[in-house]
Amino acid sequence: DSGVTQTPKHLITATGQRVTLRCSPRSGDLSVYWYQQSLDQGLQFLIQYYNGEERAKGNILERFSAQQFPDLHSELNLSSLELGDSALYFCASSVGQGYNEQFFGPGTRLTVL
Amino acid sequence: KNEVEQSPQNLTAQEGEFITINCSYSVGISALHWLQQHPGGGIVSLFMLSSGKKKHGRLIATINIQEKHSSLHITASHPRDSAVYICAVIYNQGGKLIFGQGTELSVKP
């Protein structure tokens, strides 16, 4: 158990809908990272937050947004969902904002029908 | 061409064999992660290293910064080692990980 929690574990929804994925980092970790794992693209970095502020952005679509709250949990919002958004979404946390070891949550499996 | 290349992509071994998975990257990095992903999907961090060698149980990871290359070794492999092993690098700009395509390892009893 990495200490990083993600909810829900599974999510099935329809095209055009909006969902929210939640992540709680390990105790003491200030950075949260979101990653997407799809069959055709593999693992890709989406976005990083550090202590409530956005620190880095990767291949995140405009339909997707995220935030980190004062209690350090983070939410990833996916809207106007398309079939291609079906993937595993992982969050990871680390102590700092640079090259610290990252610890991964169990992931949320999103299926868009 | 991917920024992070792993080889082999697939590997089948007999229980007890010594296994090596390789990772090459194209530009200078701050650190490198080796990750393990089991069929259930969860990702476990095995090592993070920026120089030299680290050992944990039957797992050994090495990195050569000059050659831009890292290896993950598994000694006395066991069927429970069957998983996908992923190399991921961190560049100087920050903490985001850039992933290799993964090596799927199957260890037969």
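Quick note, the sequences are listed as chains F and A, same order.
According to the numbering used here, the first sequence holds residues 56 to 168 in order.
According to the numbering used here, the second sequence holds residues 2 to 110 in order.
Ideal placement from N, C-alpha and C gives every residue a C-beta, glycine not left out.
Computed from a predicted structure; not experimentally measured.
Find the residues of chain A that neighbour residue i, judging by a C-beta separation of less than 8 Å, and give them in chain order.
i       : result
F/TYR88 : GLY96, LYS97, LEU98
Should residue i be labelled buried (16 or more other beta-carbon atoms within 10 Å of its own) or exposed?
i        : result
F/PRO3   : Nothing in the structure corresponds to residue 3 of chain F, since chain F is present only between 56 and 168.
F/THR166 : exposed
F/ASP84  : buried
A/GLY29  : exposed
F/ILE67  : exposed
A/HIS34  : buried
A/GLY53  : exposed
A/SER51  : exposed
F/GLN72  : exposed
A/SER8   : exposed
F/LEU143 : buried
F/PRO161 : buried
Quick one: which chain A residues come within Cβ less than 7 Å of residue i?
i        : result
F/GLU109 : Near F/GLU109 there are no residues of chain A at all, since even the closest Cβ is about 11 Å away, more than 7 Å.
Would a check of beta-carbon distances place residue i closer than 8 Å to chain A?
i        : result
F/ASN114 : no
F/LEU98  : yes
F/GLN91  : no
F/GLN61  : no
Examine chain F for any beta-carbon lying closer than 8 Å to the beta-carbon of residue i, and answer yes or no.
i        : result
A/GLN10  : no
A/GLN15  : no
A/GLY111 : The structure shown does not extend to residue 111 of chain A, since chain A is modelled only from 2 to 110, so the question has no answer here.
Can you list the residues of chain F that residue i reaches, using a CB-CB cut of under 8 Å?
i       : result
A/SER46 : SER57, GLU156, GLN157, PHE158, PHE159
Starting from the beta carbon of residue i, find every residue of chain F whose beta carbon is closer than 7 Å, and list them in chain order.
i        : result
A/GLN102 : GLY97
A/ILE91  : TYR154
For residue i, go through chain F and note every residue whose CB falls closer than 9 Å to its CB, in chain order.
i       : result
A/ILE87 : GLY97, LEU98
_Interface positions of the region 24-38 of chain A facing chain F (Cβ-Cβ less than 9 Å), listed along the chain_ = ILE30, SER31, ALA32, HIS34, LEU36, GLN38
*Contact between the region 55-62 of chain A and the region 102-109 of chain A: three or more CB pairs below 8 Å?*
no
*Could you list the residues in the region 120-154 of chain F with a C-beta less than 9 Å from some C-beta on chain A, going in chain order?*
LEU143, PHE145, ALA147, SER149, GLY151, GLN152, GLY153, TYR154
*the region 130-145 of chain F in contact with the region 70-84 of chain A per 3-pair CB rule at 8 Å*: no
*Between the region 95-102 of chain A and the region 15-23 of chain A, do at least 3 Cβ pairs fall closer than 8 Å?*
no
*Closer than 7 Å, Cβ to any Cβ of chain F: which residues of the region 59-71 of chain A, in chain order?*
none
_By the 9 Å beta-carbon criterion, what residues does the region 65-87 of chain F contribute toward chain A?_
SER86
*asked:* Does the structure place the region 151-163 of chain F close enough to the region 95-102 of chain F that three or more beta carbon pairs sit under 8 Å?
replied: no
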